[in-house]
Amino acid sequence: MDKIYDKCCGIDVHKKLIVTCFRCGRKQEVRDFDATTRELLELADWLKEGGCEMVAMESTASYWKPLYNILEFSDLNAIVVNIRHMKAVPGRKTDVKDAEWIADLLQHGLFQPSYIPNKDQRELRELVRYRKSLVGERTRELNRLQKMLEGANIKLSGTVSDINGKSARSILEYLLTEESIDGTKYDEMYKQKVIAHNLKATKEQIIDDLNGVMSPLQRRMMKELLAHLDELNEHIKNLDDEIDNFMKPKEKQALQAIQDVTGIGNTSAQAIISVIGADMARFPTDKHISSWAGLCPGDNESAKKRKSGKTKKGNSRLRTTLITCAHAAVKNKKSYFHAQFMRISAHRGPKRAYVAVAHSMLIAIYHILKDGVVFKDLGSDYYNQFNKERKINAYLKKLKALGWEAPVVAA
14 MDKIYDKCCG
24 IDVHKKLIVT
34 CFRCGRKQEV
44 RDFDATTREL
54 LELADWLKEG
64 GCEMVAMEST
74 ASYWKPLYNI
84 LEFSDLNAIV
94 VNIRHMKAVP
104 GRKTDVKDAE
114 WIADLLQHGL
124 FQPSYIPNKD
134 QRELRELVRY
144 RKSLVGERTR
154 ELNRLQKMLE
164 GANIKLSGTV
174 SDINGKSARS
184 ILEYLLTEES
194 IDGTKYDEMY
204 KQKVIAHNLK
214 ATKEQIIDDL
224 NGVMSPLQRR
234 MMKELLAHLD
244 ELNEHIKNLD
254 DEIDNFMKPK
264 EKQALQAIQD
274 VTGIGNTSAQ
284 AIISVIGADM
294 ARFPTDKHIS
304 SWAGLCPGDN
314 ESAKKRKSGK
324 TKKGNSRLRT
334 TLITCAHAAV
344 KNKKSYFHAQ
354 FMRISAHRGP
364 KRAYVAVAHS
374 MLIAIYHILK
384 DGVVFKDLGS
394 DYYNQFNKER
404 KINAYLKKLK
414 ALGWEAPVVA
424 A
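Position one of the sequence shown corresponds to residue 14 (the working numbering), numbered consecutively onward.
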């Protein structure tokens, strides 16, 4: 088998130990390093002195990131490889053998490198992921607040649609003062706009829903919970500003362009750009990025028989974000995505239909970013433009099966 690299290095990565195998032609040298920055810099200097052409490491949890940062800083070519692509023979596994096996596969060019964006995009990913974690924590706190209110016999969620809104917060702050709400107090709060004027619930219903039995302990717990919600809202707002300031002009331009796609808002667009970036040169076609995201049907064929074509594992954050956007897109009944969802869900089920819609959205995003085209929705009647006669005959057969007969027109 031909050799692609004459001088290369395979690295087995652990939390506190780095095992390296540096190959130079037929010779090899195995060395161990600690995972500290000082030791990693020594590793980089050793590889540079040996004229290493390429370094390959396994993507073990997040332990590969410090090593990759040092190699990138030292101008050494490095790739990160999926562990599933380089499993050795079972029963013969040690750290040294793993490093040797990685070096052997790398030397013969048998690795498919993982997509590792540049440092700026990796930092943008960290910002967006942290913002998502805080939003998730805020949602959990709102669920706890709802449970507390139910435990206190206060049906606030039946009165206001958004328990995190301004009107709900004003009502909660008044309830924590240990005062009850009667008709006179309701009129006063309504006049002061503490109770919003656009609530659909009647005056009597609101008074009944808000007069519960709240113990002193529940009040203290609720005050702490509301204070935590205020802190989370402030942190999320600060992260929104930080993300906006950190994004480069090209990324901001891409951010605005993909928001034209039905179902994609600003937050989702930021999450998408942080994962795939604004440059689509890494993905030759839309099929490549769809496969990388895990949104296209899988290949499973044997003896010319097509078996299960379920999607494979891809980038979980991109896949999750796009499927969330697909849920929003299909709600627009005038969009192509709604027609696609209705067409596929009828015979494949809603879950597969959402994945198919997310796949179509990713294809649109790819061509918007690569070709600079403007998104144009095909409309909800897109599928009605094809095979009209066949569809009419199919519907007539269904009507006839139900007992309906077409009226005979007299000549």
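A virtual CB, placed ideally from N, CA and C, is assigned to each residue, including glycine.
When you compare only the Cα positions, how much space is there between S72 and I277?
As a working note, residue 72 is residue 59 in the sequence shown. As a working note, residue 277 is residue 264 in the sequence shown. Cα to Cα, the separation comes out at about 31 Å.
Does DSSP put D15 in a helix, a strand or coil?
Indexing the sequence shown from 1 puts residue 15 at position 2. Here D15 sits in coil by DSSP.
Taking C-alpha atoms, which residue in T33, L140 and N82 lies nearest to K250?
Taking the first residue of the sequence shown as position 1, residue 250 is located at position 237. When only C-alpha atoms are compared, the closest one is L140.
What did DSSP end up calling A369 once you bin it into helix, strand or coil?
Numbered from 1 along the sequence shown, position 356 holds the residue referred to as residue 369. Three-state result, A369: helix.
When we look at the beta-carbon of E237 and count the other beta-carbons within 10 Å, is it buried (16 or more) or exposed?
Taking the first residue of the sequence shown as 1, we reach residue 237 at position 224. E237 comes out exposed.
Measuring CA to CA, which of R153, E192, P262 and L409 is closest to Q176?
If you number the sequence shown from 1, residue 176 lands on position 163. At residue 176 the sequence reads Ile, which differs from the Gln that was named. Per the Cα distances, R153.
Starting from M70, trace the beta strand (DSSP E) both ways and give me its first and last residue.
For the purposes of this step, residue 70 is identified with residue 57 of the sequence shown, where counting begins at 1. From DSSP, the beta strand (DSSP E) with M70 extends over M67 to E71.
Suppose you measure from the CA of S87 to the CA of A341; what does that come to, to the nearest Å?
Sequence index remark: in the sequence shown, residue 87 carries index 74 (1-based). Sequence index remark: in the sequence shown, residue 341 carries index 328 (1-based). Roughly 45 Å between the two C-alpha positions.
Is it the case that the Cβ atoms of N313 and G307 are separated by a distance below 8 Å?
Numbered from 1 along the sequence shown, position 300 holds the residue referred to as residue 313. Numbered from 1 along the sequence shown, position 294 holds the residue referred to as residue 307. It is not a contact, given that the beta carbons lie outside the stated cut-off.
Measuring alpha carbon to alpha carbon, tell me which residue in V370, E62, D58 and L84 is nearest M70.
Within the sequence shown, numbered from 1, the residue matching residue 70 stands at position 57. The shortest C-alpha separation from M70 is found at L84.
Who pairs with Q41 in a beta bridge, going by DSSP?
For the purposes of this step, residue 41 is taken as residue 28 along the sequence shown, with counting starting at 1. DSSP output for Q41 lists R36 as bridge partner(s).
Where do the N-terminal and C-terminal ends of the beta strand (DSSP E) with D195 fall, by residue?
Translated into the one-based positions of the sequence shown, residue 195 becomes position 182. Looking at the DSSP string, D195 is not in any beta strand (DSSP E), and its letter there is neither H nor E.
Considering only C-alpha positions, which residue in the set G392, I17, L54 and D19 is nearest to I31?
Start at 1 with the first residue of the sequence shown, and residue 31 comes out as number 18. Closest option to I31, Cα to Cα, is L54.
Nearest-angstrom Cα distance between D222 and V148?
Locating residue 222 in the sequence shown gives position 209, counting from the first residue. Locating residue 148 in the sequence shown gives position 135, counting from the first residue. Between D222 and V148, the C-alpha separation is close to 28 Å.
Can you tell me where the alpha helix (DSSP H) holding V148 begins and where it ends?
Here the question's residue 148 lines up with position 135 in the sequence shown. Taken as a continuous stretch (DSSP letters only), the alpha helix (DSSP H) holding V148 covers K132 to G164.
Alpha carbon to alpha carbon, how far is N328 from R135? Give it in angstroms, no decimals.
Here residue 135 is taken as the residue at index 122 of the sequence shown, counted from 1. Here residue 328 is taken as the residue at index 315 of the sequence shown, counted from 1. Distance between the alpha carbons of R135 and N328 is about 14 Å.
Assuming L119 and M67 are in contact, meaning their beta carbons sit under 8 Å apart, how far apart are those beta carbons, in whole angstroms?
What you label residue 119 is simply residue 106 of the sequence shown in a count that begins at 1. What you label residue 67 is simply residue 54 of the sequence shown in a count that begins at 1. The pair is a contact, with the Cβ atoms about 6 Å apart (cut-off 8 Å).
Any idea what DSSP makes of R295, helix, strand or coil?
The residue labelled residue 295 in the question sits at position 282 within the sequence shown. Coil, per DSSP.
Only counting runs of 4 or more residues, tell me where the alpha helix (DSSP H) segments fall wholly within the segment 307-358, in order along the chain.
329-342, all fully within the segment 307-358.
Please list the terminal residues of the continuous alpha helix (DSSP H) segment that includes D25.
For this step, residue 25 is matched to residue 12 along the sequence shown. Where D25 is concerned, there is no enclosing alpha helix (DSSP H), although the beta strand (DSSP E) it sits in stretches over K20 to V26.
In the DSSP assignment, find the unbroken alpha helix (DSSP H) run with V288 in it and report its ends.
For the purposes of this step, residue 288 is taken as residue 275 along the sequence shown, with counting starting at 1. First-last of the alpha helix (DSSP H) with V288: N279 to I289.
Look up A91 in the DSSP assignment and say whether it is helix, strand or coil.
Within the sequence shown, residue 91 is the residue found at index 78, counting from 1. Three-state DSSP puts A91 in a strand.
Could you give the C-beta distance for V94 and S127, rounded to a whole number, given that I count them as a contact under 8 Å?
As a position in the sequence shown, residue 94 is number 81, starting the count at 1. As a position in the sequence shown, residue 127 is number 114, starting the count at 1. The Cβ separation is near 6 Å, so the contact holds.
Between the alpha carbons of K20 and Q283, how many angstroms are there, rounded?
The residue you call residue 20 lines up with position 7 of the sequence shown. The residue you call residue 283 lines up with position 270 of the sequence shown. The straight-line gap from Cα to Cα measures roughly 40 Å.
When you compare each of D25, K364, H372 and L268 to A116 by their alpha carbons, which one comes out closest?
Within the sequence shown, the letter at position 103 stands for residue 116. Closest by alpha carbon: D25.
Return the residue from the list D15, Q41, G64 and V288 that minimises the CA-CA distance to L331.
Translated into positions along the sequence shown, residue 331 becomes position 318. Among D15, Q41, G64 and V288, the Cα nearest to that of L331 is on V288.
Should I285 go down as buried or exposed, given a rule of 16 or more other Cβ atoms within 10 Å for buried?
Numbered from its first residue, the sequence shown carries residue 285 at position 272. Classification of I285: buried, given that the 10 Å Cβ count is 16 or more.
Give me the Cβ distance between F35 and G64, rounded to the nearest whole Å; I'm assuming they're in contact under 8 Å.
By 1-based counting over the sequence shown, the position of residue 35 is 22. By 1-based counting over the sequence shown, the position of residue 64 is 51. Actually they are not in contact, since the Cβ atoms of F35 and G64 sit about 10 Å apart, beyond 8 Å.
On the three-pair Cβ rule with 8 Å, is the segment 293-302 touching the segment 371-380?
These segments touch.
On the DSSP letters alone, give me the boundaries of the alpha helix (DSSP H) that R403 sits inside.
As a position in the sequence shown, residue 403 is number 390, starting the count at 1. Where R403 is concerned, the enclosing alpha helix (DSSP H) stretches over K401 to A414.
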